[in-house]
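Asker: Chains as they are written, first to last, in this note's numbering: chain C, 168 to 421; chain E, 13 to 375. Glycine included, every Cβ here is placed at the ideal spot set by N, Cα and C. What you are looking at is a predicted structure, and each value in this text was computed from that prediction instead of being measured.
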Amino acid sequence: MAIIEVENLVKKYPLPDNKSETFFAVEGISLSIEAGEIYGILGPNGAGKTTTLEMLEGLIDIDGGTAFIDGIDVSANPYKVKEIIGVQLQANEYFDNVSLVELLILFGKLYSREIDAENLLNKVNLLDKAKAKPDDLSGGQKQRFSIACALVNDPKVLFLDEPTTGLDPQAKRNLWDLVLELNGLGMTIVLTTHNMEEAETLCQRIAIMDHGKVVAEDTPQELILKHAAEPPTAPLHGNIEDVFLALTGHGLRD
Amino acid sequence: MPTKLQRHLASVFLKIFLRDRQSIFFSLFFPIIFMTVFSFANSGQQDPIKVGVVNNSASIVATDFAQLLIDNPLFDVTIGEEERLRNELIEGDQTMILILPESFDAQSEGAELQLLVDAAQVQQLGLIMPLLQQTLISIEREFRNIEPMFSLVVEDVQARSQRYLDFLLPGLMAFTLMQLSIAGSGFNIVEFRRKGILKRLFVTPIQPKDFITSIVLARMSIVLIQLTVLIAFAVFVLDVRILGNFLSFYSIIMLGTFIFLCLGFCLGSIAKTQQAVMAVGNLVIFPQIFLSGIFYPIESMPALMQPIAKVLPLSFVSTAMREIANNGASLLSIMPSLIGIAVWFVVAFVLATRLFVWKEVAN
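1) Helix, strand or coil for THR15 (chain E) per DSSP?
2) List, from N- to C-terminal side, the beta strand (DSSP E) runs of 3 residues or more that fit wholly inside the region 38-99 of chain E.
3) Tell me which same chain residues have a C-beta within less than 8 Å of the C-beta of ALA299 (chain C), skipping the five on either side of it?
4) I need the DSSP call for VAL329 (chain E), collapsed to helix, strand or coil.
5) Assuming GLY64 (chain E) contacts LEU97 (chain E) (C-beta within less than 8 Å), just tell me the rounded distance between them.
6) Looking at chain E, is there any beta carbon in it that lies within less than 8 Å of the beta carbon of PHE274 (chain C)?
7) Give the residues of chain E in contact with GLU424 (chain C), contact being defined as C-beta atoms less than 8 Å apart.
8) Please determine, among E:CYS274, E:VAL73, E:VAL247, the residue with the shortest C-alpha to C-alpha distance to LEU362 (chain E).
9) Hey, SER313 (chain C) and GLN255 (chain C): beta-carbon distance below 8 Å or not?
10) Can you name the start and end residues of the beta strand (DSSP E) that SER127 (chain C) belongs to?
11) Would you mind telling me which residues of chain C sit closer than 7 Å to ARG212 (chain E), beta carbon to beta carbon, in chain order?
12) Quick check: ILE61 (chain E) and ASP88 (chain E), are their CB atoms within less than 8 Å of each other?
13) Beta-carbon within less than 6 Å of THR90 (chain E)'s beta-carbon, same chain only, minus the 5 sequence neighbours each way: which residues are those?
14) Who are the Cβ neighbours of GLY307 (chain C) in its own chain at under 6 Å, not counting the five residues just before and after it?
15) Indicate the three-state DSSP secondary structure (helix, strand or coil) for ARG372 (chain C) in the structure shown.
16) Using only CA atoms, which one of C:TYR261, C:GLU201, C:ASP283 lies nearest to ILE209 (chain E)?
17) Over what stretch of residues does the beta strand (DSSP E) that includes PRO181 (chain C) continue unbroken?
18) Check the DSSP bridge columns for LYS380 (chain C) and list the partner residues they point to.
19) Can you name the residues of chain E whose CB is closer than 8 Å to the CB of ASN341 (chain C)?
20) Can you give the beta carbon distance from LEU226 (chain C) to PHE368 (chain E), rounded, assuming they're within the 8 Å contact cut?
21) Mind listing the chain E neighbours of LYS249 (chain C)? Cutoff is C-beta to C-beta under 7 Å, in chain order.
22) Drop a sphere of 10 angstroms on the beta-carbon of SER193 (chain E), count the other beta-carbons inside from all chains shown, and report buried for 16 or more, exposed for fewer.
23) Report the neighbours of LEU21 (chain E) on chain C: residues whose CB is nearer than 9 Å to its CB, in chain order.
24) Distance cutoff 8 Å, beta carbons only. Does VAL193 (chain C) sit that close to anything in chain E?
25) Who are the near neighbours of HIS417 (chain C) in its chain, counting only those whose CB is closer than 8 Å to its CB and skipping five residues on each side?
26) Whole angstroms is fine: what's the gap from ASP130 (chain E)'s alpha carbon to GLU95 (chain E)'s?
27) With DSSP run on the structure shown, which of helix, strand or coil describes TYR262 (chain E)?
28) Counting only beta-carbon atoms, is VAL373 (chain E) nearer than 8 Å to chain C?
29) Excluding five sequence neighbours on each side, which residues of the same chain lie with their C-beta closer than 6 Å to the C-beta of ALA74 (chain E)?
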């Protein structure tokens, strides 16, 4: 059963240098994400990944099409949607001078919940940092803490925007384990990434976006079979990175 | 009544502030230094007028006359050579020089006393001249043993004369509350946006009104605590007296805080970067420092500026606070200021709610 249904989603902006022309950040994408799956959205910079997530999270207005999460219309009832989703944003800074425990309690209050902060910190392996301030954390710890904040309302869907960007391999693997563990408990997870290995390891299905459109969507294995250019010397097909480059080209993006 | 969430968020904001020792120190440091400096600089009576006396007469009358001047507390007399005293006058060490002519004795009729002044240095010449004349007349009377027809007895009706510090305190309080409020809403919002905190809050079910209410609650407490510390310092250490009702005084403080918090929300919503909010903030703060009658009365400003100065929000707040503190005015008797405060209250509130749109401000 699909928990996220997106049809013909559109986000447009006036062009910065020519206000009369519009630029489509997202141009009519449709997605159907199953309950309990880890779904990856890949794409070069500026493909519209973050814009798509922000529309689903209610951060920015939907200019066209429809989006439903757990049967709730995102445009019509953004506050109901916010109750059932957990969000980790690319920026993960918090108030100064407030400890992790205090921040988690505060986030709980935003959902009118009394939460067990220690238990949550334990879940993301940060119990020993309970009294620390976010500024004292390493990159990997910060990302794990962001996920802890996103879990205070026991969300049905967890959105992760480039969760492992900038992390060292150990921290990255550690975060993958956490994502798999949460998914094992039945949580639907939607993530964007630039890391092909991550998409291949974590995601049951992947959508590849470019220029505001979904150019391919399938399981990692199917995508490799269909799109990866077969290296002449290799006995096996390539990997998701080959798929990605085959579909979005080698041109540099800003 | 604030909701549980609003109270909790306010307590977090309060905690953030209380843990930031440095900014607490600096927000108290400036007004305290200011008050202390002015209390020293302005503690005494009017300084005696420095008069150099050149006695060209050898008569006893002239010597007695000089002695009478020396005994008069209004004058600080130096007796010396004309040449030296003239130099001192030019240097600014003497305010004026009085030259007693050779013919200065009891027999002389209408001897001419010469008074040398440097008009550029003696702005209060108009004040000193009658004083000097008066003194000369009374001295003359004493010599000639004439009973004065009238005598003027001056009685101070105020139990204590007003010092500059008494004037300054309410203005300084108003200025401090403006600073704390605009920083509390405007500067903080821009900082929260830069860090992505507003965006993070926006993906939770919190409503903008919860967020705004919490900031207002937290800042209101901070301003009340800080001003209470400053007032206590002024009253107990510097001996400043607040004549009016404390309840009225504090209600004006709270109204003023609310106005400047709302204006801060406007600034924070318009300005997108820290530099921009500083620039726009200074545009709001600076003219008010000089035009709102904080350091000197609005009435002493050029007539052209007065109508503008009088309608600034800080003018209404500081005038109301001064009326209460210095003259013991009741809320009813400061209606014009109260009406001004009310108008600004409504304007600032409407503007803030129009400009502070979650979606716009967070992104």
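Answerer: Result, derived from the coordinates:
1) coil
2) 61-67, 87-91
3) If we look at ALA299 (chain C) and ignore the five residues flanking it on each side, its Cβ neighbours are SER266, LEU267.
4) helix
5) 4 Å
6) yes
7) As shown, chain C starts at 168 and ends at 421. That puts residue 424 (chain C) outside it, with no answer to give.
8) The amino acid occupying residue 362 (chain E) in the given sequence is Val; Leu does not appear at that position. Answer by Cα proximity: E:CYS274.
9) Result yes, Cβ atoms of SER313 (chain C) and GLN255 (chain C) sit closer than 8 Å.
10) It is not possible to answer for residue 127 (chain C), since the shown part of chain C is limited to 168 through 421.
11) Chain C residues near ARG212 (chain E): LEU256.
12) yes
13) The answer, listed in chain order, is GLY64.
14) LEU334, ALA338
15) strand
16) C:TYR261
17) 169-181
18) C:ASP377
19) Neighbours of ASN341 (chain C) on chain E: none; closest Cβ ~22 Å, over 8 Å.
20) That pair is no contact at about 17 Å.
21) Residues of chain E with a Cβ closer than 7 Å to the Cβ of LYS249 (chain C) are, in chain order, VAL215, THR216, PRO217.
22) buried
23) What LEU21 (chain E) touches in chain C: LEU273, LYS276, LEU277.
24) Under the Cβ distance rule, VAL193 (chain C) does not count among the residues neighbouring chain E, no pair being separated by less than 8 Å.
25) Correct list: empty, nothing qualifies.
26) 15 Å
27) Correct three-state label for TYR262 (chain E): helix.
28) Interface with chain C (8 Å Cβ-Cβ cutoff): VAL373 (chain E) is excluded.
29) ASN67, LEU112, PHE116
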